[in-house]
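S.K.: One structure, pasted below without further comment.
There are 2 protein chains.
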Amino acid sequence: MFRGLSAFPITPADPHGRVDIEALGRLVQRLVKAEVDSIGLLGSTGTYAYLSRAERRRAIEAAAGYSRGRVPLIVGVGALRTDDAQDLARDAKAAGADGLLLAPVSYTPLTEEEVFEHFLAVAQAADLPLCIYNNPGTTHFTFSDALIERLAKVQGIAAVKNPSPPAGEMRARHEALRAKVPASFAIGYSGDWNAPDAILAGGDAWYSVVGGLLPAPTLALLRAAQAGNAAEVARSNALFQPLWELFKALSSLRVVYAAADIMGICHAEPPRPLLPLPQAARQRLAAALESLDDGGR
Amino acid sequence: MFRGLSAFPITPADPHGRVDIEALGRLVQRLVKAEVDSIGLLGSTGTYAYLSRAERRRAIEAAAGYSRGRVPLIVGVGALRTDDAQDLARDAKAAGADGLLLAPVSYTPLTEEEVFEHFLAVAQAADLPLCIYNNPGTTHFTFSDALIERLAKVQGIAAVKNPSPPAGEMRARHEALRAKVPASFAIGYSGDWNAPDAILAGGDAWYSVVGGLLPAPTLALLRAAQAGNAAEVARSNALFQPLWELFKALSSLRVVYAAADIMGICHAEPPRPLLPLPQAARQRLAAALESLDDGGR
Numbered sequence: 000m001f002r003g004l005s006a007f008p009i010t011p012a013d014p015h016g017r018v019d020i021e022a023l024g025r026l027v028q029r030l031v032k033a034e035v036d037s038i039g040l041l042g043s044t045g046t047y048a049y050l051s052r053a054e055r056r057r058a059i060e061a062a063a064g065y066s067r068g069r070v071p072l073i074v075g076v077g078a079l080r081t082d083d084a085q086d087l088a089r090d091a092k093a094a095g096a097d098g099l100l101l102a103p104v105s106y107t108p109l110t111e112e113e114v115f116e117h118f119l120a121v122a123q124a125a126d127l128p129l130c131i132y133n134n135p136g137t138t139h140f141t142f143s144d145a146l147i148e149r150l151a152k153v154q155g156i157a158a159v160k161n162p163s164p165p166a167g168e169m170r171a172r173h174e175a176l177r178a179k180v181p182a183s184f185a186i187g188y189s190g191d192w193n194a195p196d197a198i199l200a201g202g203d204a205w206y207s208v209v210g211g212l213l214p215a216p217t218l219a220l221l222r223a224a225q226a227g228n229a230a231e232v233a234r235s236n237a238l239f240q241p242l243w244e245l246f247k248a249l250s251s252l253r254v255v256y257a258a259a260d261i262m263g264i265c266h267a268e269p270p271r272p273l274l275p276l277p278q279a280a281r282q283r284l285a286a287a288l289e290s291l292d293d294g295g296r
Numbered sequence: 000m001f002r003g004l005s006a007f008p009i010t011p012a013d014p015h016g017r018v019d020i021e022a023l024g025r026l027v028q029r030l031v032k033a034e035v036d037s038i039g040l041l042g043s044t045g046t047y048a049y050l051s052r053a054e055r056r057r058a059i060e061a062a063a064g065y066s067r068g069r070v071p072l073i074v075g076v077g078a079l080r081t082d083d084a085q086d087l088a089r090d091a092k093a094a095g096a097d098g099l100l101l102a103p104v105s106y107t108p109l110t111e112e113e114v115f116e117h118f119l120a121v122a123q124a125a126d127l128p129l130c131i132y133n134n135p136g137t138t139h140f141t142f143s144d145a146l147i148e149r150l151a152k153v154q155g156i157a158a159v160k161n162p163s164p165p166a167g168e169m170r171a172r173h174e175a176l177r178a179k180v181p182a183s184f185a186i187g188y189s190g191d192w193n194a195p196d197a198i199l200a201g202g203d204a205w206y207s208v209v210g211g212l213l214p215a216p217t218l219a220l221l222r223a224a225q226a227g228n229a230a231e232v233a234r235s236n237a238l239f240q241p242l243w244e245l246f247k248a249l250s251s252l253r254v255v256y257a258a259a260d261i262m263g264i265c266h267a268e269p270p271r272p273l274l275p276l277p278q279a280a281r282q283r284l285a286a287a288l289e290s291l292d293d294g295g296r
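Here the protein sequences come in this chain order: A and B. Anchor point for the first sequence: position 88 equals 87 in numbering that gives the first Met the number 0, and the numbering is continuous, going up by one each time. Anchor point for the second sequence: position 240 equals 239 in numbering that gives the first Met the number 0, and the numbering is continuous, going up by one each time.
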């Protein structure tokens with residue numbers, strides 16, 4: 000389940016945080032039709048941190064209903080409190096999740112021991128495979144390889160979603176971690192603009208924001224990387240370059256909300272205080288999308 | 000209200016996040032008896048980020064009941080979502096708060112414009128004076144002087160709680176901001192080990208973690224700083240030095256929970272995933288507390 004393209008859709012919701020189930024269904028159906036390898040529901044892009052427990056459950060039930068077992072559903076269950084994350088993990092299983100994604104959401108900065116105990120408690124709460132969500136840009140906690148090695152020995156912890164290492168360090172960093180964890184433990188990467196190269200360097204999965212909206216061209220790029228075709232990866236990745244520039248400048252989250260609107264898929268805005276893209280950026284985005292043939296549009 | 004010693008107590012709660020009203024009452028009564036200038040309820044030390052809306056309201060009602068108007072009650076109303084922070088601000092006013100403390104809690108990193116709009120929306124939601132809670136260590140957002148200048152023009156935004164600048168930069172940094180904001184706008188400081196020097200450099204308030212537990216010696220130190228008595232500040236601050244070392248190494252939050260236990264005030268633990276202090280650190284802490292005569296113990 001933690002291999003290949005894991006596509007992370009937004010979770011369209013109204014200004015009060017009520018999830019728009021029909022719009023979410025359209026996003027999920029696009030991903031099922033494109034045959035992504037998994038759906039990463041309620042990831043950072045899915046604004047899990049901004050949604051109530053009840054709305055998160057509604058979103059999972061709806062996505063499970065639309066995907067109907069055709070694509071594995073990996074669900075983000077991060078929360079500031081350990082007991083809340085345990086409840087969310089149990090909810091996710093009951094609502095139809097196939098796997099869990101857990102980020103060490105923090106307010107008071109966490110120690111390694113606190114993160115270890117937190118993951119242990121959540122892994123024990125729900126009997127589903129769990130992926131460590133290493134996302135320092137939002138959680139402000141960075142997993143050391145030693146902590147991942149320790150967590151990989153815990154029953155149920157099956158994978159890690161790491162930020163893609165900088166170009167030039169990918170193979171060395173990947174192989175250093177690979178040597179510390181069981182062969183069955185999957186090492187995947189996020190950070191869309193670097194992830195294809197991380198797959199070329201041996202990564203097992205691409206946890207992708209753009210894949211949640213444009214699954215067809217993203218899958219084509221991933222398959223080239225999985226085949227070790229560096230030339231095709233470079234050619235295909237160049238088509239995404241204008242989009243990557245916007246992701247880097249304005250955040251992938253804000254950009255994909257606007258892209259879903261421009262593409263006519265849904266008209267949601269990100270949860271306040273996050274603001275929609277300004278008009279000038281929307282025009283640049285529309286041009287960037289032109290170079291990407293989605294097939295399903 | 001945003002001047003002098005603002006004392007920040009912990010919010011004792013059970014492992015499920017249910018606030019222990021009687022233990023909170025003991026903490027509040029100590030602060031009232033010591034005549035602190037304000038109580039900073041549900042600050043970072045008060046684990047506001049880890050408590051539900053209902054429990055936050057219970058804590059405010061209880062604290063207002065115990066303080067009975069004798070000491071102004073400043074209440075933390077931070078939340079990831081703007082609408083939630085607005086609801087918390089309305090709740091705080093209804094439950095007896097005299098002022099608000101608002102931190103730009105973030106998951107997706109926020110832009111200056113997003114923080115400005117967020118503060119505007121919360122300031123408009125509740126008709127209470129509001130203090131900007133600039134706490135980059137937990138929110139991962141740093142206010143520029145320019146943004147504080149802009150927010151100081153918003154109706155109801157009356158103060159800022161800044162981290163204490165490094166020694167040597169205090170006066171210059173304080174005066175640079177002072178020149179940008181109205182004379183009525185209060186500039187206070189947190190970071191207990193540097194705050195007395197920030198008061199000597201002109202700061203209007205000390206937002207204090209140790210003051211929430213040991214109000215008498217903290218007030219004595221503050222009054223020396225307010226009187227401009229640098230020699231007495233240095234002498235008094237030296238008594239706190241063993242405690243500051245523990246704050247820096249283990250975080251003030253974890254340390255004051257253990258201190259409240261050692262002093263017999265309450266036996267709560269911080270919310271998981273935060274872990275209580277290990278035994279060796281508790282022994283160092285007990286020794287550090289010996290040098291501080293609390294009076295009220």
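Ideal Cβ positions, reconstructed from N, Cα and C, are used throughout, including at glycine.
Answer with buried or exposed for residue 68 of chain B, where buried requires no fewer than 16 other C-beta atoms within 10 angstroms of its C-beta.
M.R.: exposed
S.K.: Would you please state the rounded distance, in angstroms, between the beta carbons of residue 23 of chain A and residue 14 of chain A? I believe it to be under 8 Å.
M.R.: About 16 Å separates the two Cβ atoms, so there is no contact after all.
S.K.: Name the one or two DSSP bridge partners that residue 162 of chain A has.
M.R.: A/189
S.K.: Which residue's Cα is closest to the Cα of residue 97 of chain B: B/59, B/79, B/114?
M.R.: B/59
S.K.: Please go through the same chain and pick out, in chain order, the residues whose beta-carbon is closer than 8 Å to the beta-carbon of residue 177 of chain A, but skip the five residues on each side of it.
M.R.: 186, 201
S.K.: Please name the residue or residues paired with residue 73 of chain B in a DSSP beta bridge.
M.R.: In DSSP, residue 73 of chain B forms a bridge with B/39, B/98.
S.K.: Below 8 Å CB to CB, which residues in the same chain sit around residue 44 of chain B once its five sequence neighbours on both sides are set aside?
M.R.: 7, 8, 9, 208, 211, 251, 252, 255
S.K.: Around the C-beta of residue 113 of chain A, are 16 or more other C-beta atoms found within 10 angstroms, so that it is buried, or is it exposed?
M.R.: That one is buried.
S.K.: For residue 204 of chain A, which beta-bridge partners are listed by DSSP?
M.R.: A/3, A/187
S.K.: Please name the residue or residues paired with residue 156 of chain A in a DSSP beta bridge.
M.R.: A/129
S.K.: What are the boundary residues of the alpha helix (DSSP H) that includes residue 268 of chain B?
M.R.: From DSSP, residue 268 of chain B is part of no alpha helix (DSSP H); its letter is neither H nor E.
S.K.: Please state the DSSP three-state secondary structure of residue 226 of chain A.
M.R.: coil
S.K.: Cα separation between residue 100 of chain A and residue 77 of chain A?
M.R.: 7 Å
S.K.: Reducing DSSP to helix, strand and coil, say where residue 180 of chain A ends up.
M.R.: coil
S.K.: How many angstroms separate the CA atom of residue 142 of chain B from the CA atom of residue 172 of chain B?
M.R.: Rounded to the nearest angstrom, the gap between the Cα atoms of residue 142 of chain B and residue 172 of chain B is 13 Å.
S.K.: Below 7 Å between beta carbons: does that hold for residue 121 of chain B and residue 84 of chain B?
M.R.: yes
S.K.: Check the Cβ-Cβ distances between residue 117 of chain B and every residue of chain A, and say whether any is below 7 Å.
M.R.: yes
S.K.: Out of curiosity, what's the CA-to-CA distance linking residue 282 of chain A and residue 61 of chain A?
M.R.: 32 Å
S.K.: Going by C-alpha distance, which of B/33, B/227, B/2 is nearest residue 216 of chain B?
M.R.: Comparing Cα positions, the closest option is B/33.
S.K.: Can you find a CB in chain A that lies within less than 7 Å of the CB of residue 270 of chain B?
M.R.: yes
S.K.: I need the straight-line Cα distance from residue 296 of chain B to residue 264 of chain B, nearest angstrom please.
M.R.: Any reading at residue 296 of chain B must be qualified, since the residue scores a pLDDT of 42, below 50, and its modelled position is unreliable; no value is offered.
S.K.: Please name the residue in B/57, B/203, B/271 whose C-alpha comes closest to that of residue 87 of chain B.
M.R.: B/57
S.K.: At which residues does the alpha helix (DSSP H) containing residue 121 of chain B begin and terminate?
M.R.: 111-124
S.K.: Measuring CB to CB, does residue 72 of chain A end up less than 7 Å from residue 36 of chain A?
M.R.: Remark: C-beta atoms of residue 72 of chain A and residue 36 of chain A do not approach each other more closely than 7 Å.
S.K.: Per the DSSP calculation, residue 104 of chain B is bridged to which residue(s)?
M.R.: Beta-bridge pairing links residue 104 of chain B to no other residue.
S.K.: Determine, using beta carbons only, whether residue 74 of chain B and residue 30 of chain B come nearer to each other than 7 Å.
M.R.: no
S.K.: Reducing DSSP to helix, strand and coil, say where residue 12 of chain B ends up.
M.R.: strand
S.K.: For the alpha helix (DSSP H) containing residue 138 of chain B, name the first residue and the last one.
M.R.: For residue 138 of chain B, the enclosing alpha helix (DSSP H) covers residues 135-138.
S.K.: Any residues in the segment 68-84 of chain A with a beta carbon nearer than 8 Å to a beta carbon of chain B? Which ones, in chain order?
M.R.: 79, 80, 81, 82
S.K.: On the DSSP letters alone, give me the boundaries of the alpha helix (DSSP H) that residue 47 of chain A sits inside.
M.R.: First-last for residue 47 of chain A: undefined, no H or E at that position.
S.K.: Taking the C-alpha atoms as reference points, what is the distance between residue 225 of chain A and residue 203 of chain A?
M.R.: Near 9 Å, if we compare the C-alpha coordinates of residue 203 of chain A and residue 225 of chain A.
S.K.: Starting from residue 108 of chain B, find everything on chain A with Cβ-Cβ shorter than 9 Å and list it in chain order.
M.R.: 136, 137, 250
S.K.: Nearest chain A C-beta to residue 244 of chain B closer than 7 Å, yes or no?
M.R.: no
S.K.: Using the Cβ count rule (16 or more neighbours within 10 Å means buried), how would you classify residue 160 of chain B?
M.R.: buried
S.K.: Got a sec? Which residues, its chain only, sit under 8 Å from residue 238 of chain B by beta carbon, not counting five neighbours each side?
M.R.: 216, 290, 291
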